[in-house]
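Going by full-length UniProt numbering, 27 is the number at position 27 of the sequence shown; the sequence numbering is gapless. What follows is a short report on a single structure.
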Amino acid sequence: MADCERLCVDLSRTVCVDQAGLGMLMGLRESCAVGARITLNNPGKQVKKMFEVTGFEQEFEIVYHTGQVSAWKGAA
Numbered sequence: 001m002a003d004c005e006r007l008c009v010d011l012s013r014t015v016c017v018d019q020a021g022l023g024m025l026m027g028l029r030e031s032c033a034v035g036a037r038i039t040l041n042n043p044g045k046q047v048k049k050m051f052e053v054t055g056f057e058q059e060f061e062i063v064y065h066t067g068q069v070s071a072w073k074g075a076a
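Structure follows, in structure tokens:
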């Protein structure tokens with residue numbers, strides 16, 4: 001993961017995220033290279049609420065539309 005420059009995590013089928021899931025996402029961020037872009041894609045209502053409560057929306061780029069993801073994936 002040290003060579004990771006971009007990572008998209010598809011959360012569209014994730015119903016909820018607990019403390020272990022949040023910890024995994026933070027660990028993922030720490031594993032990636034400094035300056036790497038990590039995008040959390042299409043979280044559901046409960047997951048979005050958890051991100052708001054925990055401040056994750058300030059730690060990660062969160063994308064809610066598939067079109068945004070496609071545009072980002074094609075960016076250089």
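Virtual Cβ for every residue (Gly too), placed ideally from N, Cα, C. A quick note: this is a predicted structure, and the numbers were derived from the prediction, not measured.
Annotation: Arg37 to Lys49 spans about 22 Å, alpha carbon to alpha carbon.
The Cβ-Cβ distance between Leu28 and Ile62 does not fall below 7 Å. The DSSP-derived three-state label of Thr14 is coil.
Beta-bridge pairing by DSSP links Leu7 to Ile38. Contact check for Cys8 against Gln46 fails: the beta carbons are separated by 7 Å or more.
Beta-bridge analysis with DSSP links Val63 to Asn41.
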